[in-house]
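Going down the list, the sequences are from chains R and S.
Taking our numbering, the leading residue of the first sequence gets 148, the next gets one more, and so forth.
Taking our numbering, the leading residue of the second sequence gets 37, the next gets one more, and so forth.
The beta carbon of each residue, even a glycine, is placed where N, CA and C say it ideally should be.
Down below is the structure, laid out as structure tokens.
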Amino acid sequence: MHGDTFLRLDHISMTFPGIKALDDVHLDIREGEVHALIGENGAGKSTLIKILSGVQQPDPGSQITIDGRQVQFQNANDSIQAGINAIYQDLSLFPNLTVAENITLGQFKNKKIDWKESDSIAAEALGRMGVRLDPHQLLGNLSVAKQQLIAIARAISFHSRLLIMDEPTASLSFSEVETLYSIIEKLKQENIAVLFISHKLDEVFQVSDRITVLRDGKFIGCEDTARLDNNSLVSMMVGRSVTYIALNAQSNVGEKILEVKNISKKGNYKDISFALHKGEILAFTGLVGAGRSETVKALFGLNTPESGEIWLDGKKVELRSVPQALRNKIAFIPEDRHAEGLVLNMSMRDNLTISVLRNILGRGGLIDNNKADELSERYVSILSIRPSQIEKPAKDFSGGNQQKIAIAKWLVTEPDILIIDEPTHGVDIAAKTEIHKLLKDLTKTGMAIIMVSSEWQEVFAVSDRVIVMRHGRIVHEENTVTGNQELMMKKAILGV
Amino acid sequence: MNRLFERREAGVLCILLVLGIALAVYSPAFLTQVNIKNILVNNSALAIMAVGMTLVLITGGIDVSVASQMMFSATLLAEFSFLPFANPFTIVLAAIVIGAVTGSINGLLISHFNIDPIIITLGTNSIYRGIILVYTSGRWIMNLPGWFTAFSKTVGGVLPLPVVYVVLLLVLTAYILRYTSFGRAVYACGGNVEAARRAGINVNRTIFRTYAYTGVLCGIAGLVQDSILGNCQPAGSNGWEMNVIAAAVIGGTNILGGSGTMAGTAIGVLLMGVIENGLVVAHVPTYWQKLVYGVIIIMTVTIDILRKNRADAGHQLIEID
Numbered sequence: 148m149h150g151d152t153f154l155r156l157d158h159i160s161m162t163f164p165g166i167k168a169l170d171d172v173h174l175d176i177r178e179g180e181v182h183a184l185i186g187e188n189g190a191g192k193s194t195l196i197k198i199l200s201g202v203q204q205p206d207p208g209s210q211i212t213i214d215g216r217q218v219q220f221q222n223a224n225d226s227i228q229a230g231i232n233a234i235y236q237d238l239s240l241f242p243n244l245t246v247a248e249n250i251t252l253g254q255f256k257n258k259k260i261d262w263k264e265s266d267s268i269a270a271e272a273l274g275r276m277g278v279r280l281d282p283h284q285l286l287g288n289l290s291v292a293k294q295q296l297i298a299i300a301r302a303i304s305f306h307s308r309l310l311i312m313d314e315p316t317a318s319l320s321f322s323e324v325e326t327l328y329s330i331i332e333k334l335k336q337e338n339i340a341v342l343f344i345s346h347k348l349d350e351v352f353q354v355s356d357r358i359t360v361l362r363d364g365k366f367i368g369c370e371d372t373a374r375l376d377n378n379s380l381v382s383m384m385v386g387r388s389v390t391y392i393a394l395n396a397q398s399n400v401g402e403k404i405l406e407v408k409n410i411s412k413k414g415n416y417k418d419i420s421f422a423l424h425k426g427e428i429l430a431f432t433g434l435v436g437a438g439r440s441e442t443v444k445a446l447f448g449l450n451t452p453e454s455g456e457i458w459l460d461g462k463k464v465e466l467r468s469v470p471q472a473l474r475n476k477i478a479f480i481p482e483d484r485h486a487e488g489l490v491l492n493m494s495m496r497d498n499l500t501i502s503v504l505r506n507i508l509g510r511g512g513l514i515d516n517n518k519a520d521e522l523s524e525r526y527v528s529i530l531s532i533r534p535s536q537i538e539k540p541a542k543d544f545s546g547g548n549q550q551k552i553a554i555a556k557w558l559v560t561e562p563d564i565l566i567i568d569e570p571t572h573g574v575d576i577a578a579k580t581e582i583h584k585l586l587k588d589l590t591k592t593g594m595a596i597i598m599v600s601s602e603w604q605e606v607f608a609v610s611d612r613v614i615v616m617r618h619g620r621i622v623h624e625e626n627t628v629t630g631n632q633e634l635m636m637k638k639a640i641l642g643v
Numbered sequence: 037m038n039r040l041f042e043r044r045e046a047g048v049l050c051i052l053l054v055l056g057i058a059l060a061v062y063s064p065a066f067l068t069q070v071n072i073k074n075i076l077v078n079n080s081a082l083a084i085m086a087v088g089m090t091l092v093l094i095t096g097g098i099d100v101s102v103a104s105q106m107m108f109s110a111t112l113l114a115e116f117s118f119l120p121f122a123n124p125f126t127i128v129l130a131a132i133v134i135g136a137v138t139g140s141i142n143g144l145l146i147s148h149f150n151i152d153p154i155i156i157t158l159g160t161n162s163i164y165r166g167i168i169l170v171y172t173s174g175r176w177i178m179n180l181p182g183w184f185t186a187f188s189k190t191v192g193g194v195l196p197l198p199v200v201y202v203v204l205l206l207v208l209t210a211y212i213l214r215y216t217s218f219g220r221a222v223y224a225c226g227g228n229v230e231a232a233r234r235a236g237i238n239v240n241r242t243i244f245r246t247y248a249y250t251g252v253l254c255g256i257a258g259l260v261q262d263s264i265l266g267n268c269q270p271a272g273s274n275g276w277e278m279n280v281i282a283a284a285v286i287g288g289t290n291i292l293g294g295s296g297t298m299a300g301t302a303i304g305v306l307l308m309g310v311i312e313n314g315l316v317v318a319h320v321p322t323y324w325q326k327l328v329y330g331v332i333i334i335m336t337v338t339i340d341i342l343r344k345n346r347a348d349a350g351h352q353l354i355e356i357d
């Protein structure tokens with residue numbers, strides 16, 4: 148079933164000033180296997196990928212051997228020449244170039260570029276994956292899922308022996324994940340190995356043959372997937388057993404605060420009606436592109452409906468702009484906290500106070516730093532943000548803590564309704580659990596929360612009620628404590 | 037055919053044609069052989085610099101020192117032309133070497149020390165210009181030798197040599213962009229620099245070469261300009277860098293990097309040349325020139341952005357049954 152080991156990494160260490168990112172790590176890859184690499188945020192997965200793809204060089208004493216010969220990767224090109232190609236989470240493609248140009252970039256080293264051959268290389272790579280696409284269209288015009296297929300096509304056209312996929316399903320919908328799985332299967336048949344990095348354990352169990360676990364930069368173990376289960380894997384990852392704790396058994400649901408009546412916007416959402424109550428967590432789920440984010444943005448004045456009504460506290464309101472939404476005590480935490488949520492170069496304090504500058508003004512209308520410090524420190528302790536240095540730039544915090552800063556930034560506005568889009572996207576299990584608990588705690592103060600989430604387990608562990616969307620419409624609504632998970636998934640995927 | 041009309045160049049070409057026809061109807065002086073020759077020759081040095089600027093802009097950089105580099109070369113070449121061993125061959129060699137030096141200094145500082153190109157080239161802009169002003173005390177260098185001015189003569193009474201140089205450099209650079217791995221690297225760096233690095237492209241070397249190549253083109257532009265004028269004014273061509281950038285941008289080069297073509301830049305230079313000439317032909321005071329340039333720049337770029345936004349909006353639509 149498995150081929151022979153062709154790539155070995157032994158005694159890999161990587162020291163950055165002050166931190167040992169990797170400490171004596173091992174990894175071996177067999178021909179044509181799917182090898183999962185897992186670990187919490189900060190476990191050293193990204194560093195290991197960078198070493199494998201030649202972007203970073205490990206400490207002396209680290210050994211990389213291919214087919215029994217010791218090699219050194221000085222740059223990305225060395226690694227590509229050795230048959231290793233990485234598909235990064237951000238895909239690392241060129242939106243300004245065509246599909247074919249993206250696939251064959253770097254194929255014609257030091258010789259005249261033959262555009263006919265370029266087209267045929269691209270067509271062949273796409274054909275091997277069973278993908279049909281016009282190779283002359285601009286990559287920037289494609290969906291993320293299609294762009295990922297291009298990244299894979301690019302990698303296999305370089306005669307790869309190992310494909311590294313970093314969180315490949317992070318921005319894919321269910322049907323797109325299925326396509327990806329079938330392509331991974333095709334790669335296996337061509338004897339191409341895949342190193343699969345994912346936060347989602349169910350995926351890891353579904354696709355991988357073996358699993359290597361890293362924790363705090365150390366090698367914890369490598370096992371056949373068949374010999375592991377959810378619990379044993381999680382305990383390898385965190386050193387303790389963690390699953391999502393069901394937080395919704397105890398409900399804080401109170402009286403109705405928001406009612407949305409038949410709002411529609413062409414191309415975005417249609418005929419949306421629902422109610423939200425004080426102390427309630429209402430989840431919006433469905434496939435990526437089902438119109439969930441588009442719908443909740445309507446409540447924050449960002450995607451104003453063309454028809455329909457929104458009622459707040461029994462009064463009809465107009466939410467045509469963000470200031471209007473803020474005046475109505477509605478806050479919105481976007482999914483992409485890097486692009487939309489945080490100013491990464493600004494300190495945590497400046498990020499926390501940017502939306503409430505009016506509250507920290509002192510004499511003469513100038514910013515009072517003491518007030519700013521006081522306010523920031525209060526929220527740092529409420530959310531237990533680590534490290535608690537308020538002067539530190541946002542970019543220096545881990546993913547989970549950045550998520551908390553993004554949440555805190557809107558909590559300072561003291562909203563009645565908090566809308567949060569994918570609250571735990573891209574953070575590790577421990578941080579997820581903490582964020583879940585935080586959301587639940589907020590409802591105790593009477594805050595109503597609308598949570599957009601693609602993760603079923605999260606929806607069923609945290610929310611009180613779930614709304615399933617498909618093609619811009621609400622197709623299903625149910626109580627998550629008593630509800631049927633399978634039925635909900637069928638509604639979202641198949642619409643039946 | 038459809039693809040052709042979707043391209044950015046097509047829009048600017050239409051503006052150019054409409055303007056040309058309007059001017060031809062308005063004034064019989066516009067569409068004469070002498071006038072057309074003047075437009076082409078007067079803008080040839082600018083066109084040569086715009087070729088380099090397009091490359092720099094595609095990588096996501098900018099070079100505001102091009103006019104200074106050109107005058108640096110022009111001044112040294114004017115002095116050089118009076119030396120005993122100066123001849124048409126050695127002076128071309130000198131132009132390339134001088135340009136390669138000024139361009140490489142820019143490229144080295146930008147790629148090696150990773151400093152923002154606008155800061156480096158603002159600095160070298162002042163330095164290159166300063167050196168020649170100190171050296172010449174601002175005095176004109178007059179009466180360049182006949183073999184030097186022969187570089188810009190008109191062959192057979194119809195074909196001005198500067199136009200030939202421009203066309204050759206445009207074609208050469210278009211070839212480099214389309215058929216060499218350096219050309220691909222230029223687009224890749226401008227599209228996504230991190231992805232370029234991960235794809236095994238030597239980003240620093242690509243950036244360095246782009247500025248060095250632009251320097252060489254500025255060196256050649258200096259030679260052409262001297263030869264056309266028959267003299268050299270060290271304080272001349274002040275502010276030309278803005279016209280060079282404008283020509284590239286009007287021709288569809290993305291100021292943020294990633295896209296741009298030689299055909300577009302050629303049309304951009306022509307459009308600016310025709311506007312300048314048209315204002316003269318139409319007896320509009322030359323003071324209007326700057327104002328009209330500004331309006332054209334904002335107009336072409338805005339139309340482009342609006343069109344792009346509309347195309348993007350089309351992609352975001354969700355299918356609702």
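Out of curiosity, what's the CA-to-CA distance linking residue i and residue j?
i, j, result
"alanine 231 of chain S", "serine 355 of chain R", "27 Å"
"glutamine 284 of chain R", "asparagine 150 of chain S", "33 Å"
"serine 523 of chain R", "isoleucine 554 of chain R", "12 Å"
"phenylalanine 125 of chain S", "alanine 224 of chain S", "36 Å"
"aspartate 357 of chain S", "arginine 467 of chain R", "A caution first: aspartate 357 of chain S carries a pLDDT of 40, below 50, which makes its placement in the model too unreliable to give a value."
"asparagine 179 of chain S", "serine 109 of chain S", "17 Å"
"valine 181 of chain R", "isoleucine 155 of chain S", "48 Å"
"threonine 301 of chain S", "valine 252 of chain S", "18 Å"
"tyrosine 526 of chain R", "methionine 493 of chain R", "17 Å"
"valine 644 of chain R", "histidine 583 of chain R", "The structure shown does not extend to residue 644 of chain R, since chain R is modelled only from 148 through 643, so no value can be given for it."
"leucine 309 of chain R", "glycine 150 of chain R", "13 Å"
"arginine 387 of chain R", "valine 381 of chain R", "Below a pLDDT of 50, predicted positions are generally treated as unreliable, and arginine 387 of chain R, at 48, falls in that range; the measurement from the model is reported next regardless. Cα-Cα distance, rounded: 7 Å."
Would you please state the rounded distance, in angstroms, between the beta carbons of residue i and residue j? I believe it to be under 8 Å.
i, j, result
"lysine 518 of chain R", "glycine 509 of chain R", "6 Å"
"methionine 312 of chain R", "isoleucine 185 of chain R", "With a Cβ gap of about 13 Å, methionine 312 of chain R and isoleucine 185 of chain R do not count as contacting."
"arginine 617 of chain R", "glycine 455 of chain R", "Not really, about 19 Å apart at Cβ, beyond 8 Å."
Starting from residue i and walking both ways along the beta strand (DSSP E), at which residues does that stretch end?
i, result
"histidine 182 of chain R", "181 to 185"
"phenylalanine 163 of chain R", "152 to 163"
"aspartate 568 of chain R", "564 to 568"
"cysteine 254 of chain S", "No beta strand (DSSP E) contains cysteine 254 of chain S, which is instead part of the alpha helix (DSSP H) from 239 to 265."
"asparagine 288 of chain R", "Segment: none, asparagine 288 of chain R is in no beta strand (DSSP E) and carries neither H nor E."
Is the shortest distance between the beta-carbon of residue i and the beta-carbons of chain S less than 8 Å?
i, result
"isoleucine 231 of chain R", "no"
"leucine 319 of chain R", "no"
"proline 242 of chain R", "yes"
"asparagine 399 of chain R", "no"
At which residues does the alpha helix (DSSP H) containing residue i begin and terminate?
i, result
"asparagine 249 of chain R", "246 to 251"
"cysteine 225 of chain S", "217 to 227"
"lysine 335 of chain R", "321 to 336"
"isoleucine 299 of chain R", "291 to 304"
Under 8 Å, Cβ to Cβ, is there at least one residue of chain R near residue i?
i, result
"threonine 216 of chain S", "yes"
"asparagine 228 of chain S", "yes"
"isoleucine 151 of chain S", "no"
"arginine 233 of chain S", "yes"
"isoleucine 237 of chain S", "yes"
"arginine 44 of chain S", "no"
"alanine 224 of chain S", "yes"
Using a Cβ-based criterion (distance less than 7 Å to any ligand heavy atom), does residue i qualify as near the ligand FMN?
i, result
"serine 440 of chain R", "For the structure depicted, the ligand FMN is absent and the ligand set is empty, with no information on it obtainable."
Is DSSP giving residue i helix, strand or coil here?
i, result
"lysine 413 of chain R", "coil"
"serine 645 of chain R", "This structure gives no information on residue 645 of chain R, because the portion of chain R shown stretches from 148 to 643."
"leucine 423 of chain R", "strand"
"aspartate 175 of chain R", "strand"
"alanine 393 of chain R", "coil"
"aspartate 371 of chain R", "strand"
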